[in-house]
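S.K.: Reading the sequence shown from the start, the letters are residues 2 to 79 in the numbering used here. We treat Cβ as the ideally placed atom computed from N, Cα and C, and that holds for glycine. Here the structure is a predicted model, which means the values were calculated and not measured. Have a look at the structure that comes next, please.
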Amino acid sequence: MFRKYKYVLGVLLILLFFAIDWASKYYLAKLTVDRTITIIPNFFNLVYVQNSGIAFGFLAHLSGIYRFIFLIAISAIV
Numbered sequence: 002m003f004r005k006y007k008y009v010l011g012v013l014l015i016l017l018f019f020a021i022d023w024a025s026k027y028y029l030a031k032l033t034v035d036r037t038i039t040i041i042p043n044f045f046n047l048v049y050v051q052n053s054g055i056a057f058g059f060l061a062h063l064s065g066i067y068r069f070i071f072l073i074a075i076s077a078i079v
C-alpha cells in the first residue's frame, strides 16, 4: 500500500516540476530587453539581454570582401 502512494507522490512531483518549468519558460519568453525580475533581492535576478556573440557579431561591420580576405588569411595560417 505504501509503495503505491510512493509512486503516486513521485509522479505528482514530476508533474509539478514540469508545470513550474513550463510556466517559468512561458513567463520569461515574454520579457522585454533590459527588463529585470528580482527573485532574491541582491542575490538572484533574471535579466533579458541579447548576446550577438562571436559567431554572428565578429567582423559584422566589415564588407564582404574584407571578410573573405580575413577568411583566406586565417585559412593560410592554420
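Whole-angstrom Cβ separation of Thr37 and Val48, contact assumed at under 8 Å?
M.R.: Contact between Thr37 and Val48 is confirmed by a C-beta separation of about 5 Å, below the 8 Å threshold.
S.K.: Below 8 Å CB to CB, which residues in the same chain sit around Asn46 once its five sequence neighbours on both sides are set aside?
M.R.: Thr37, Ile38, Thr39 and Ile40
S.K.: Going by the CB atoms, is the gap between Phe71 and Leu60 shorter than 8 Å?
M.R.: yes
S.K.: Between which two residues does the alpha helix (DSSP H) carrying Leu47 extend?
M.R.: Not the alpha helix (DSSP H): Leu47 falls in the beta strand (DSSP E), residues Phe45 to Val48.
S.K.: Note down the Cα distance separating Arg1 from Tyr27, rounded to an integer number of angstroms.
M.R.: Nothing about residue 1 can be reported from this structure: the residues present for the chain run from 2 to 79 only.
S.K.: Mind checking who Ile38 pairs with in its DSSP beta bridge?
M.R.: Leu47
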